[in-house]
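Step one of this worksheet: look at the structure below.
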Amino acid sequence: MTSPVRVRFCPSPTGSPHVGLVRTALFNWAFARHHGGQIVFRMEDTDRERSTQESYDAILELWRWLGLDWDEGIEVGGPHGPYRQSERGAVYRDVLARLRASSYTYDCFCTTEEVDARRKASGSKMQGYDGFCRDLTDEQRAAFEAEGRSPVVRFRMPDGSITWHDLVRGDITFETENVPDYALSRANGDPLYTLVNPVDDALMQITHVLRGEDLLSSTPRQLALFEALVELGIAEQVPAYGHLPYVMGQGNKKLSKRDPEAHALAYREQGFLPEGLLNYLALLGWSIAGDRDVFSMAEMVEAFDIADVNPNPARFDLKKAEAINASQMRLLPLDEVTHRVLPFLKEAGVVGDPVSDADAQLLELAMPLVAERINKLTEAATMLDFLFVDEADFARHEEIDEAGRDVVKAAHDALSAVETWSTAAIDEALRAALIDGLGLKPRVAFGPVRIAVTGRKVSPPLFESMELLGRDRSLARLHDAMSG
RNA sequence: GCCCCCGUCGUCUAGCGGCCUAGGACGUCGCCCUCUCACGGCGGUAACGCCGGUUCAAAUCCGGUCGGGGGUACCA
-18 MTSPVRVRFC PSPTGSPHVG LVRTALFNWA FARHHGGQIV FRMEDTDRER STQESYDAIL
42 ELWRWLGLDW DEGIEVGGPH GPYRQSERGA VYRDVLARLR ASSYTYDCFC TTEEVDARRK
102 ASGSKMQGYD GFCRDLTDEQ RAAFEAEGRS PVVRFRMPDG SITWHDLVRG DITFETENVP
162 DYALSRANGD PLYTLVNPVD DALMQITHVL RGEDLLSSTP RQLALFEALV ELGIAEQVPA
222 YGHLPYVMGQ GNKKLSKRDP EAHALAYREQ GFLPEGLLNY LALLGWSIAG DRDVFSMAEM
282 VEAFDIADVN PNPARFDLKK AEAINASQMR LLPLDEVTHR VLPFLKEAGV VGDPVSDADA
342 QLLELAMPLV AERINKLTEA ATMLDFLFVD EADFARHEEI DEAGRDVVKA AHDALSAVET
402 WSTAAIDEAL RAALIDGLGL KPRVAFGPVR IAVTGRKVSP PLFESMELLG RDRSLARLHD
462 AMSG
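Numbering follows the working numbering, with no gaps: position 233 of the first sequence is 214.
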């Protein structure tokens, strides 16, 4: 009988949330949901210097936007709280005391400088702690204490080797002689990540730890600690580990927080859909099938198998992310696209907030023209502003040359005679006057007209746009453009 | 230095011994559609790092090598 799956999100609220963090969360989420398991959300804010409320809030906002829900933890509570490590000091002190009373750890009085000096003197190639304080006598301890030194609590790595079956990489073995004893707490008593992360996983009964590749080499330490926690009755079981590949930026470097592409919330601002971002991120290390890369999260949950995750580092490709986002956009019903576009139109000042009834109606008519041709929600604003702008504020963003002005005049004259202002009638009148009458190529004919009416070279379909704009405004803009 | 991870088109990947003269997607190039853009359609480009071994048969298994990455903290 296997125990129910329990995974965790455990971000540190330092800085703007990174797409790699989101990818890790997504895989945890998909894994848990696939297995009908639970997700615990805990905030690892032990680093007082770097943790900020802004970052904390940004992470929660991001998770909600993406729809990565959780069952226990931050904001929802649960039986293993509190879920902010900054509020769990008593828990760590207690565990540390029990560890310290056992032989799994020892007090270490060395300073970093002393360890370095010894290594230099001995010519040793080992980089970590040298085990100097492993077997201190009571007298030696007393002597150090008499000097006013306070110890860090150091974990005593066992002899032999440590092997685990990594969920994404298979069996991995470390000889513990290559894994130096490590500190669990600072000399001032503050617990370190090396302690709090495994301890919380233990107390929160996490069964599967899916995390970044950067933590792979600390796994032997955590496994050894976990064995001790199990022995001491603090942990029930040792979780399974899986190490997810890096998300890289340009070149061969990990996508760093300094890269603009790294900031997950920036994608929302750019007009990405959560469906699009998630779908793209899922592709970084996983695929649903050999001939398919657009899918819903429900489909991902259904198909996700951690063993299928590719261990190779993946480069973040903005172009492909946008293409996937565009595909997801096309999957949405029109009124949903409208709904999602609206905040961006308000933000850009294209429509008011709240939207007037007239604008809402116009938008409903205009959206069919733009929904199919935008890849990101932000693009709707530049495509639609000509329709909503006050006439006095209408501006042409492109030049119309001399020849173009003649075309515009011909268009104006032809359109003035149109009886019913409809797309078909406009189409007919313009073609008769410009293509047949002036013998122009369509491209040459409609380009200047488009600029006159919409202000841009790129716009929704011209005739439909003019119908929506209305006869008076269309003719007025054409007239205005005739004189340059 | 030592330890660990990784190695298929430019990029993300499919492939888990024969279906591979290696498939899809993004990108890119050409063409078609076309009032712009976008969509859509068609076609092209382009990869198993290298060397050995196992096998009737290897992108797939093993070893080595080269290359890339990470770790080696009283950071997380």
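Where a beta carbon is used, it is the ideal one built from N, C-alpha and C, also for glycine.
task = Following the continuous beta strand (DSSP E) through A410, name the residue where it begins and the one where it ends.
result = Looking at the DSSP string, A410 is not in any beta strand (DSSP E); the run it does join, the alpha helix (DSSP H), is 404 to 411.
ask   = Excluding the five sequence neighbours on either side, which residues of its own chain have a C-beta within less than 8 angstroms of the C-beta of T154, listed in chain order?
value = S142, I143, T144
Where the alpha helix (DSSP H) through H15 begins and ends = 0 to 15
key: Status (buried if at least 16 other CB within 10 Å, exposed otherwise) for G266   = buried
query = Residues in its own chain within less than 8 angstroms of C91 by CB, not counting five upstream and five downstream?
reply = Y110, F113, C114
message = Can you check which of these residues, W402, V388, R100, is closest to A502 by C-alpha distance?
response = One cannot answer for residue 502 here, as it falls past the ends of the chain, which runs -18 to 465.
inquiry  = Going by beta-carbon coordinates alone, are L184 and H61 separated by less than 7 angstroms?
reply    = yes
request  = Count the other CB atoms, across all protein chains shown, that sit within 10 Å of the CB of H224; report buried if there are 16 or more and exposed otherwise.
outcome  = buried
inquiry  = With a threshold of 8 angstroms, are at least 3 pairs of Cβ atoms found where one atom belongs to the segment 404 to 422 and the other to the segment 346 to 358?
reply    = no
message = Does the contact criterion of 3 or more C-beta pairs under 8 angstroms hold for the segment 246 to 259 versus the segment 43 to 52?
response = yes
inquiry  = Looking at Y73: is its Cβ nearer than 7 angstroms to the Cβ of A209?
reply    = no
query = Where does I153 fall in DSSP's three states?
reply = strand
key: Given 8 angstroms, three or more beta-carbon pairs between the segment 365 to 384 and the segment 319 to 332   = yes
query = If you draw a straight line from the C-alpha of Y64 to the C-alpha of E345, how long is it?
reply = 45 angstroms
request  = Decide if the segment 273 to 282 is in contact with the segment 238 to 248; the criterion is three or more beta carbon pairs, one per stretch, under 8 angstroms apart.
outcome  = no
Same chain, Cβ closer than 6 angstroms to A245, five either side skipped, listed in chain order = P(-2), V0, V3, L43
message = Here's the rule: buried if 16 or more other CB atoms are within 10 angstroms of the residue's CB, otherwise exposed. What is R311?
response = exposed
Under 7 angstroms between C-beta atoms of T401 and E445 = no
request  = Report the residue from E379, G170, R(-13) whose alpha carbon sits nearest the alpha carbon of R437.
outcome  = E379
task = Check D147 in the structure and name its three-state DSSP category.
result = strand
ask   = When you compare only the Cα positions, how much space is there between P(-6) and D38?
value = 8 angstroms
message = So within the segment 76 to 104, which uninterrupted beta strand (DSSP E) runs reach at least 3 residues, ignoring any that extend past its ends?
response = 86 to 89
key: P429 in three-state terms, based on DSSP   = helix
ask   = Roughly how many angstroms separate the alpha carbons of V434 and R321, rounded to a whole number?
value = 26 angstroms
ask   = Do you know whose CA, among V(-14), S67, A295, lies nearest A11's CA?
value = V(-14)
key: Beta-carbon proximity list for L176, same chain, < 6 angstroms, skipping 5 on both sides   = L165
message = Using the Cβ count rule (16 or more neighbours within 10 Å means buried), how would you classify H146?
response = exposed
query = Count the other CB atoms within 10 Å of the CB of M(-18); is the residue buried (16 or more) or exposed (fewer)?
reply = Per-residue confidence for M(-18) stands at a pLDDT of 38, beneath the threshold of 50, marking its modelled position as unreliable; the derived number appears in the next sentence. That one is exposed.
key: Among D119, G451, R69, D75, nearest to E372 - alpha-carbon criterion   = G451
inquiry  = Checking the sheet assignment: what are the DSSP bridge partners for S142?
reply    = E156
inquiry  = Helix, strand or coil for R273? Go by DSSP, reduced to three states.
reply    = strand
ask   = Got a sec, what are the start and stop residues for the beta strand (DSSP E) Q19 sits in?
value = 19 to 22
task = Can you tell me which of the three DSSP states A164 falls into?
result = strand
inquiry  = Using the three-state DSSP reduction, which class does P172 fall into: helix, strand or coil?
reply    = strand
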